[in-house]
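S.K.: Below is a structure I'd like to ask you about.
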Amino acid sequence: MAGQAVAYVRVSSEDQHLDRQQAAIRDAVGEPDRWFEDRCSGGSTNRPGLDALLAHVREGDEIAVTSMDRLARSVPDLYGLVDGLTARGVSVRFLKEGQTFEPGGASSMNRLLLGVLGAVAEFERSLIRERQAQQS
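The sequence shown stops at residue 478 when you use the working numbering, and every number in between is there.
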């Protein structure tokens, strides 16, 4: 039996909108069976939407996320989440990066790719923070 298509979207504050992320996911995978969302910093340990997603997904499910930085704010967190999900039989698809990490696909190349793409996303966020600090 095929699993569910689920989606995770996150914005950093209440005044931001999820529309673009939702539209990108719909364009890529159609309408997911279930949506999970958070409106908080990715660095926050209080992410009820992510917690609900982790409790909900089962073997055979696929999670669609617009980009790695929506799921995790650091490379170690990204590794932990993706490794934990794929170990449970769940695929994780990142649209911006064009990558899907699947159960049993933890080859050395996949791990390297996850780390490099995660590090690039982390670097981009640090550049944005620096620019914002300079504007203040």
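Even glycine gets a Cβ: it sits at the ideal position worked out from N, Cα and C.
Whole-angstrom Cβ separation of Val-432 and Val-407, contact assumed at under 8 Å?
M.R.: Actually they do not touch by this definition, with Cβ atoms about 12 Å apart.
S.K.: Taking C-alpha atoms, which residue in Gln-441, Glu-464, Arg-430 lies nearest to Pro-418?
M.R.: In terms of Cα proximity to Pro-418, the closest of Gln-441, Glu-464, Arg-430 is Glu-464.
S.K.: Expressed to the nearest angstrom, what Euclidean distance is found between the alpha-carbon atoms of Val-424 and Glu-401?
M.R.: So the two alpha carbons sit approximately 14 Å from each other.
S.K.: Would you list the residues sitting across from Gln-364 in a DSSP beta bridge?
M.R.: Answer is none; Gln-364 lacks a bridge partner.
S.K.: Could you give the uninterrupted runs of the beta strand (DSSP E) lying entirely in the stretch 416-469, keeping only those of 3 residues or more?
M.R.: 433-436, 441-443
S.K.: Counting C-beta neighbours from all protein chains within 10 Å, is the total for Asp-403 16 or more, i.e. buried, or is it exposed?
M.R.: buried
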